[in-house]
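The structure appears right after this line, and notes come after that.
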Amino acid sequence: NPEASVENGWSSILYWPHADHQDISLQRINGFLLLDNRAAIARHLSIDPARNLDDLGLFLCGWDQMGADFLRMVEGEFALAVSAADGESLSLMRDATGRWPLFYSEKTGTLAYGPEALPLAHWHGAVRADMDRLADFLDGRPEWGPASFLAGVNRVEPATILTIAKNGQKRLTRWWRLDYSRHPLTD
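The numbering of the sequence shown is this note's numbering, which starts it at 58 and goes up by one.
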């Protein structure tokens with residue numbers, strides 16, 4: 058189960074330890090979320106409107122029922138951390154446009170994550186620039202890959218889910234890609 062160090066809601070760093078830590082708990086979902094199609098989601102999931110779920114509760118119902126496939130039906134903005142119902146994994150995810158930032162860092166078997174890179178760099182031990190990432194930016198190259206501008210801190214890319222198991226194994230899943238065949242580029 059994950060642990061939270063919550064000092065200002067989501068604006069603080071949240072921690073998710075790997076297998077060595079057994080005695081800690083956290084609510085199953087944290088982050089930024091704005092659903093634009095709440096009614097359609099509730100209908101699709103057969104959720105009684107009387108349950109009066111907030112966006113996070115509705116999202117969690119969809120995630121539990123459909124897993125990553127649920128993200129394809131979500132219209133809105135999000136940067137979320139969702140722990141599995143059994144507490145064996147944590148998924149960090151962002152919407153297709155990447156409206157909200159989501160960063161993570163690892164140190165001594167613990168994963169820390171949050172919406173800002175600088176606190177994570179302090180937590181990681183030293184605030185240093187990632188010179189390769191900075192050179193790419195100054196050269197005008199697009200922002201691809203997980204590197205942030207700070208060494209030891211990575212970002213979750215838009216339209217991506219990073220799932221971390223308790224044993225430390227990571228799986229990266231791209232849940233959406235633009236289908237260029239439906240929108241051909243013409244002269």
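Don't be surprised by glycine CBs; every beta carbon is placed ideally from N, CA and C. Every value quoted in this text rests on a predicted model; they were computed, and no experiment measured them.
Entirely within the segment 127–208 and at least 4 residues each: give me those alpha helix (DSSP H) ranges in chain order. 174–181 and 188–195
C-alpha distance - residue 124 paired with residue 141, whole-angstrom precision: 10 Å
Cut-off 8 Å between Cβ atoms - residues of its own chain near residue 117, not counting five sequence neighbours on either side: 85, 86 and 139
Which of the three DSSP states, helix, strand or coil, is assigned to residue 98? helix
Does the beta-carbon distance from residue 221 to residue 159 come in below 8 Å? no
Would you kindly report the start and end of the unbroken alpha helix (DSSP H) that includes residue 110? Where residue 110 is concerned, there is no enclosing alpha helix (DSSP H), given that its DSSP letter is neither H nor E.
To the nearest angstrom, how far is it from the Cα of residue 82 to the Cα of residue 213? Note that residue 82 scores 38 on pLDDT, short of 50, meaning its location in the model is unreliable; the coordinates nonetheless yield the value given after this. Their backbone Cα atoms lie some 23 Å apart in a straight line.
Which stretch, first to last residue, makes up the beta strand (DSSP E) that contains residue 125? Unbroken run through residue 125: none, as it is neither H nor E.
Contact belief for residue 180 with residue 162 at Cβ below 8 Å, rounded distance in angstroms: 6 Å
In this structure, how does DSSP classify residue 235 when only helix, strand and coil are distinguished? coil
By DSSP, does residue 88 sit in helix, in strand, or in coil? strand
Under 6 Å Cβ to Cβ from residue 190, same chain only, skipping five residues before and after it: list those, please. 204 and 206
Would residue 129 pass as a contact of residue 215 if the rule is Cβ separation under 8 Å? no
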